[in-house]
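Residues are numbered in this note's numbering as their position in the sequence shown, beginning at 1, plus a constant of 146.
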Amino acid sequence: MPASAASAARTILTRLHDVMASRSHAQAKLNNVVEVIGEGLDSEVCSIYLLREGMLELFATRGLAQEAVHVTRMAVGEGLVGTIAQDTEMLNLAEATAHPDFSYRPETGEEKFHSFAGVPIVRRERAVGVLCVQHAEPRRYEEVEIEALQTVAMVLSELIANADLVDEEEALLSPAMTGPQRLAGLALVKGLAIGSAVFHQPRITIEHVMAEDRDAELQRVYLAFDKMREQIDRMASQAEFGVGGEHEEVLQTYKMFAYDEGWSRRIIEAIDSGLTAEAAIERVQQRTRMRMRQIDDPLLADRMHDLEDLSNRLLRIVSGQMGTAATMGLKQDAILIARNLGPAELLEYDKRRLKGVVLEEGSLTAHVVIVARAMGIPVLGRVRGLRGAIREGDLLLLDADGGHVTTRPQPAVVDAFEARFAKSKERQAAYAKLRDVEPFTRCGTRITVMMNAGLRDDMPGLSLTGADGVGLFRTEFQFLVSATLPARERQTRLYRDVLDAAGDKPVVFRTVDIGGDKVLPYLRHNDGETEENPAMGWRALRVALERGGLLKVQARSLLEAAAGRTLNVMFPMVTEPWEFDAARAVFEAQLTYLKGQKKPLPEAIRYGAMLEVPALAEQLDVLAPKLSFLSIGTNDLTQFLFAADRANPKLAERYDWLSPAILRFLKRVIQGVAGHDVDITVCGEMGGRRLEALALLGIGIRRLSITPASVGPIKELIRKVDLEEIGGAMNGWLMSPPRDLRSALIAWAQERGIDCD
Ligand code: PEP
Ligand code: MG
Numbered sequence: 147m148p149a150s151a152a153s154a155a156r157t158i159l160t161r162l163h164d165v166m167a168s169r170s171h172a173q174a175k176l177n178n179v180v181e182v183i184g185e186g187l188d189s190e191v192c193s194i195y196l197l198r199e200g201m202l203e204l205f206a207t208r209g210l211a212q213e214a215v216h217v218t219r220m221a222v223g224e225g226l227v228g229t230i231a232q233d234t235e236m237l238n239l240a241e242a243t244a245h246p247d248f249s250y251r252p253e254t255g256e257e258k259f260h261s262f263a264g265v266p267i268v269r270r271e272r273a274v275g276v277l278c279v280q281h282a283e284p285r286r287y288e289e290v291e292i293e294a295l296q297t298v299a300m301v302l303s304e305l306i307a308n309a310d311l312v313d314e315e316e317a318l319l320s321p322a323m324t325g326p327q328r329l330a331g332l333a334l335v336k337g338l339a340i341g342s343a344v345f346h347q348p349r350i351t352i353e354h355v356m357a358e359d360r361d362a363e364l365q366r367v368y369l370a371f372d373k374m375r376e377q378i379d380r381m382a383s384q385a386e387f388g389v390g391g392e393h394e395e396v397l398q399t400y401k402m403f404a405y406d407e408g409w410s411r412r413i414i415e416a417i418d419s420g421l422t423a424e425a426a427i428e429r430v431q432q433r434t435r436m437r438m439r440q441i442d443d444p445l446l447a448d449r450m451h452d453l454e455d456l457s458n459r460l461l462r463i464v465s466g467q468m469g470t471a472a473t474m475g476l477k478q479d480a481i482l483i484a485r486n487l488g489p490a491e492l493l494e495y496d497k498r499r500l501k502g503v504v505l506e507e508g509s510l511t512a513h514v515v516i517v518a519r520a521m522g523i524p525v526l527g528r529v530r531g532l533r534g535a536i537r538e539g540d541l542l543l544l545d546a547d548g549g550h551v552t553t554r555p556q557p558a559v560v561d562a563f564e565a566r567f568a569k570s571k572e573r574q575a576a577y578a579k580l581r582d583v584e585p586f587t588r589c590g591t592r593i594t595v596m597m598n599a600g601l602r603d604d605m606p607g608l609s610l611t612g613a614d615g616v617g618l619f620r621t622e623f624q625f626l627v628s629a630t631l632p633a634r635e636r637q638t639r640l641y642r643d644v645l646d647a648a649g650d651k652p653v654v655f656r657t658v659d660i661g662g663d664k665v666l667p668y669l670r671h672n673d674g675e676t677e678e679n680p681a682m683g684w685r686a687l688r689v690a691l692e693r694g695g696l697l698k699v700q701a702r703s704l705l706e707a708a709a710g711r712t713l714n715v716m717f718p719m720v721t722e723p724w725e726f727d728a729a730r731a732v733f734e735a736q737l738t739y740l741k742g743q744k745k746p747l748p749e750a751i752r753y754g755a756m757l758e759v760p761a762l763a764e765q766l767d768v769l770a771p772k773l774s775f776l777s778i779g780t781n782d783l784t785q786f787l788f789a790a791d792r793a794n795p796k797l798a799e800r801y802d803w804l805s806p807a808i809l810r811f812l813k814r815v816i817q818g819v820a821g822h823d824v825d826i827t828v829c830g831e832m833g834g835r836r837l838e839a840l841a842l843l844g845i846g847i848r849r850l851s852i853t854p855a856s857v858g859p860i861k862e863l864i865r866k867v868d869l870e871e872i873g874g875a876m877n878g879w880l881m882s883p884p885r886d887l888r889s890a891l892i893a894w895a896q897e898r899g900i901d902c903d
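See the structure below:
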C-alpha cells in the first residue's frame, strides 16, 4: 500500500477505533462509520449495504436519502452493489450509469452522483456486504483511495461480525457467489459423495483486525517471517523435495516468495495503516487474489497459488492456528480438499463425517488412496486448480465414478445426483446380498475371496461382505495412527481383538511395512539421513531386520495374541530367501522363549512371504519349500517391474495392470511355486478391479485378497466366469499379445455379458 494510502487509512482507522469502542448500539455505530469514512476520503456519499435474508440492504448512508435506509434492497448480482458482492471484486467507475449493471433506485436520490467506487466487505472469503462511495464530479477514484476503502472494509467486517449484523451462516452457504462449476480429475477410489468442502489446511479466521500496538504487530510479523523461512529452508533439505524436477521447482518458487522483499514490505505497510499482523497478511493476500483473477496464464496462476499457500502458512504461524481440519474436528458431512495427504493424516479424520476426498495430486496405489479405499471413501485426484476454485463450506457433489466434482450445484443438479446416489446405494445393497453366496465360478470352482484390512474398525467388514478371511492385515496402520511406537501390550490387544472379530476365518498378519510413503516421525533412519528414493530404500522387512527390537516385539505380540489358534504371518518386501529365514528365526526365538515361560502358544504357525520385489521371483525354487503361502503384492511389484514410482502422479499412466509384461510375470510366479504346497494369493489393488480380476483368474490365480468394497462386485464377477474359457483366451493373448490387451479383454467380457466396470 503506498504511504499516502496507509496514512489515509490510518486516520480513518483511528477514528473508527473510537466509534467501535463506543457504547452505542450497532445502527448508531454504522451511522458514525459512514460519516467517518466519508469525511476521511472527502466523499459526498458513503454507504454500507449488508446481506440480510439473501438481499443486500442499505444499512447506513451519508449523502443518500435517509428514507432509503433499510428500504433499498438488491439481490446478489443485481445492480453495481450486487455485482460487487457476487464477484467479490471492487468497482471503480467515473460514470456509474454507463455500467451495464447499473440499476437506478429513485428512493435514494443518487441521480446527482456520477462517480462510484465500491468494495466488498468480506468475511471468510464471502461477501457479507458492500462499502461504497460516490461523488457528483465524474472521476475515477485513485488507487490510494481504493486501498484505503479496502482496508476499512476489512475492519468493517469485524465490526459487523461482532455486532451480529449479518447472518454469517447464510452468507457462507449462499450458492450464488460464483455459481456452479465442474472440475475434472482422475477417479482414485470410485464412489459418490455429497458434503461441504473442508480444507485439510483450513484458512485462518482472523479475530482482530485493528491493531492496538503497531510495534508489537510488526514484531509478530517479523518473527513469523523468520519462522516461515526456516521451515522452507528445512523442506529444501528433505528428500521429498530434494529429488529435482517439479518438487524442486515448487520449492524454488516458495523460496523466492518467502524471501520476496516486496511481499514483506506490503505487509509492513498494511500494519502501518493500523491493521493487526493477521489482517495485514490477509489484506495483501486479498490484493494478490484479485490480481490472480486477471491472469490468463495458467503457469503464472499456479505460481500465485503457491504464494497463497505460503501466505496461509504465514497466517497460521502468526495466529498460532497450526492444526489441520482433523484437529479441529468435522462439524458436518465433509469432503476434504488438499494438495496431497499422507495416510496417517487421513486416518485422523472422523470416519462418520468424512464422505470424500478431492486432491490436486494423488495416484492409484498411494497409501492414502489404499486407506481411503479401505474406509470406503471416494477419492478424486489430480484436479487442476482445485484450491483456487473451491471455497471452504461450498456444497460439493463428488462423482468419482464419472471423474468430476461439482461445486455450488443448482438444486436440480443436487436432486439428480441424490437420485443417482440412491441407485448406487441400491447396487451396493445388491452386492451386500451376495454376502452369504459362495463365489463359485460358472464351471464350479470355489475361488477364495478375502479382504484387506489394517484397523480394528475394518473387521466388521468381514461379516458385512462375507469375505473368506483377512488375506492382508497391514499392521503398520496402528503405527501410523500412533504418536509414538505402539507398546507390546497395545499391539497384542489389537491382534487379539482382530482374531476374535474374525472368529473361525483366517487372518494373515503382515509384519510392519514402514517406509516408502508410510513415514513415521518417531522412527528415523539410524544415521538420521533422509533417502532420495524411499520406496526402494530402508523400508519393510529391511527396517524390521535391522531394528531387531521392533520385529521381536511384534513377534511376541502376535504369538501371544494367537494363543490357542493358528497364526498366519507374512513378511513384506522379501527380496532374498535369507531375509525370510532371518525374520522367521525372530519368531521362532520368541516361540522358544514363550515355551520356556510356559505361556499358551498358537496351535500352528503358518509363515508366508510377500512377492513385491521382482528379484524374489528368480529364487522361488529356493524359497517355496519353506513357505505355507505366497502373497503377490501387485502395488509394489508393478512399480518395481516398470520402474515407475507408485506414488508419483505423473507416472500413473506409465503402467497398466493389464499389460502382457505384468501378466506374463505373474504367470511365471505361479509356475514357480507349482508342485509345492503353497497357497498363492494376489493382495494388491489390482485384484479388486473386475477386469483385472478376470485376467488374474485367466492366468490361474484362485485366491484374492481385496479391499472390502470390492468383495461384492468381484464375487458377482466370479459367478459369471468359466475358468477354462478365460484361461484359453488369456493363454492365447499372452503368447502373442494384441496391441491393446485391455480392449481385447473388455470386448471378450462384453460378448459374454460380463459387466467389467
Ligand atoms: C502391495 O504392495 O501390493 C501391497 C499389498 O502392499 P502395500 O500396498 O501395503 O505396500
Ligand atoms: Mg507393498
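Idealized CB from N, CA, C, for every residue including glycine.
Near the ligand PEP, meaning a beta-carbon closer than 6 Å to one of its heavy atoms, we find Ile516, Leu618, Arg620, Asp659, Glu758, Gly779, Thr780, Asn781, Asp782, Cys829 and Gly830. Relative to the non-hydrogen atoms of the ligand MG, the Cβ of Pro760 never comes closer than 7 Å to any of them.
Annotation: Pro854 to Leu329 spans about 28 Å, alpha carbon to alpha carbon.
Not one heavy atom of the ligand MG falls within 7 Å of the beta-carbon of Pro348. The bridge partners DSSP lists for Glu203 are Leu196 and Arg219. Taking each of Gly331, Thr207 and Val222 in turn and checking the Cα distance to Gln280, the smallest one comes out for Thr207. Check the Cα spacing between Leu487 and each of Gln817, Arg554 and Gln347: the tightest is with Gln347. Looking at Val268, Arg286, Lys336 and Tyr287, the one whose alpha-carbon comes closest to that of Ala307 is Val268. For Pro606, the shortest C-beta to heavy atom distance toward the ligand MG is 7 Å or greater. Closest in alpha carbon position to Arg462, among Ile660, Lys373, Lys745 and Val720, is Lys373.
The DSSP-derived three-state label of Tyr753 is strand.
Counting the other Cβ atoms within 10 Å of the Cβ of His216 gives fewer than 16, which makes it exposed.
Using a 10 angstroms sphere on the CB of Pro585, the tally of other CB atoms reaches 16 or more, which defines it as buried.
Partner residues in the beta bridge of Ser777, as assigned by DSSP, are Met756 and Thr827. Under a 10 Å Cβ-count criterion, Cys278 is classified as buried, with 16 or more other Cβ atoms of the shown protein chains found around its own Cβ. It is roughly 12 Å from the alpha-carbon of Gly899 to the alpha-carbon of Asp868.
In this structure, the C-beta of Pro718 approaches the ligand MG to less than 7 Å from one of its heavy atoms.
Short of 7 Å from the beta carbon of Asn178, and not among the five residues preceding or following it, lie these beta carbons of its own chain, in chain order: Val165. The beta carbon of Ser570 sits closer than 6 Å to the beta carbons of Leu338 from its chain, once the five residues preceding and following it are set aside; these are given in chain order. The region 549-566 makes no contact with the region 632-648, as fewer than three CB pairs between them are under 8 Å. For Asp604, the closest C-alpha among the options Ala484, Ala647, Ala562 and Trp724 is that of Ala647. Spanning the alpha carbons of Arg592 and Lys861 requires a straight line of approximately 11 Å. Residue burial annotation: Thr630 is exposed, with fewer than 16 other C-beta atoms found within 10 angstroms of its C-beta. Taking C-alpha positions only, Ala750 is separated from Val819 by approximately 22 Å. In the structure shown, Asp545 falls within a strand segment according to DSSP collapsed to helix, strand and coil.
Nearest neighbour of Val504 by Cα position, chosen from Glu289, Leu510, Val529 and His513, turns out to be Val529. The alpha-carbon separation between Leu460 and Ala370 amounts to approximately 6 Å. A contact is defined here as three or more CB-CB pairs under 8 Å, and the region 768-782 meets this definition with respect to the region 825-840.
The C-alpha of Gln700 is placed about 21 Å away from the C-alpha of Gly649. Distance from the CA of Ile481 to the CA of Pro524, rounded to the nearest whole angstrom, comes to 9 Å. Bounds of the alpha helix (DSSP H) holding Pro606 are Pro606 to Thr611. For Ala690 against Val658, the beta-carbon gap comes to about 6 Å, under 8 Å, which counts as contact.
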